[in-house]
Amino acid sequence: MSYCINPSCPKPENVAGATLFCAACGSDLLLESCYRVTQLLSDRNKPSGFGTIYEVNDGGKLKILKVLHNNHPKAIELFQQEAEVLKSCCRFN
1 MSYCINPSCP KPENVAGATL FCAACGSDLL LESCYRVTQL LSDRNKPSGF GTIYEVNDGG
61 KLKILKVLHN NHPKAIELFQ QEAEVLKSCC RFN
């Protein structure tokens, strides 16, 4: 299955056969030409912290994607701090 991350999409879950575009809204389902969102991990209506968290497939490797929904400078600062903490304590491939 592919999951559309467009916050305005009325039906974000796409069947397994969906390849490039969401059947409901036409948004890209393949992000940056390599990441396919496979499922929502946080509540779409109640984003975790400042964003929504998804599982993505990167050529067979499962990864996590967090989409920031708040452009407030403090939200961006906290988001960047979170990324730095994760970078320092986790090994990413």
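Each residue of the sequence shown is one higher than the one before, starting from 1 at the first, in my numbering. In this text, a Cβ means the ideal position worked out from N, Cα and C, and glycines have one as well. As the structure is a computational prediction, the values presented were derived from the model and not from experiment.
DSSP state of residue i mapped onto helix, strand, coil
i	result
Lys63	strand
Asp43	coil
Thr19	coil
Glu13	strand
Leu31	strand
Alpha-carbon to alpha-carbon, residue j and residue i
i	j	result
Gln80	Pro7	22 Å
Ile5	Pro12	7 Å
Leu78	Cys89	17 Å
Cys25	Val85	35 Å
Ala23	Ser42	22 Å
Asp28	Val37	10 Å
Start-to-end residues for the alpha helix (DSSP H) that takes in residue i
i	result
Glu77	73 to 89
Residue nearest to residue i in terms of C-alpha spacing, selected from the options
i	options	result
Asn57	Leu65, Ala23, Glu84	Leu65
Pro73	Ser2, Glu84, Phe50, Ala24	Phe50
Leu68	Tyr35, Val37, Ile53	Ile53
Ala16	Ile76, Lys63, Pro10, Gln39	Gln39
N-terminal and C-terminal residue of the beta strand (DSSP E) that residue i is part of
i	result
Gly51	51 to 58
Cβ-Cβ distance between residue i and residue j below 8 Å
i	j	result
Asn14	Ser2	yes
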